[in-house]
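In this text, residue positions in the sequence shown follow the working numbering: the first is 39, and each later residue adds one. All residues carry an ideal CB built from backbone N, CA and C; glycine is no exception. Computed from a prediction, not measured in an experiment: that's the story for all the values here. Take a look at the structure set out below.
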Amino acid sequence: MKIKEILTRECIVANLQSQSKDDVLKELATLLCRGHELSDEVVVQVLTEREKLGSTGIGNGVAIPHGKLSDIHQIITCFGRSLDGIAFDSQDGKPAHLFFVLLAPENAASIHLKALARLSRLLKDVNFRNRLIEAKTEDEIYHEIITEDDKF
């Protein structure tokens, strides 16, 4: 699975307005629901319930909130960036700057895990993370993500 199969340019925001974990989940849920017939409230609930199990802030300024929905038939994702950073209960205790939200169909555990693993693999590279932080526009961010993903 390639990230370009599940991420569109329209689902990227370069400057999140949120200042808290709850607000960033709401803002990203709204972004993700654009173009999909989904309820923002349902998506926020799914993401919030997952966060109660343990933070999806994986450290190094990265968070990958994720969950499963019965209302979708394929994986969907969005990306948001906060230059200031948002406290996200990350494993390293540092704010998160780069956020990928990933939603998978309820009965698709295998592809859900593969997509999470792919995102985690990409985001382990400090140079890639720095390029995402330094990108000026959503178009540049999208280009960086697709270019990096094509290396694998």
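Check                                                                                                                               : Outcome
From this set, G99, R156, H135, I113, which residue's C-alpha is nearest N145's C-alpha?                                            : I113
Less than 8 Å between the CB atoms is what I'm expecting for R156 and G99, so what's the real figure, rounded?                      : Not really, about 18 Å apart at Cβ, beyond 8 Å.
Tell me the DSSP bridge mates of R15?                                                                                               : Any answer about residue 15 is impossible in this case: the structure gives the chain only from 39 up to 190.
Please tell me whether K106 and A142 are closer than 8 Å, where the distance is taken between their beta carbons.                   : yes
Can you pull the DSSP bridge partners for V51?                                                                                      : G118
Taking the continuous beta strand (DSSP E) assigned at L107, which residues delimit it?                                             : 104–107
For F137, is the classification buried or exposed, using 16 other Cβ atoms within 10 angstroms of its Cβ as the cut-off for buried? : buried
Quick one: using the 10 Å Cβ neighbour count with 16 as the cut-off for buried, is R159 buried or exposed?                          : exposed
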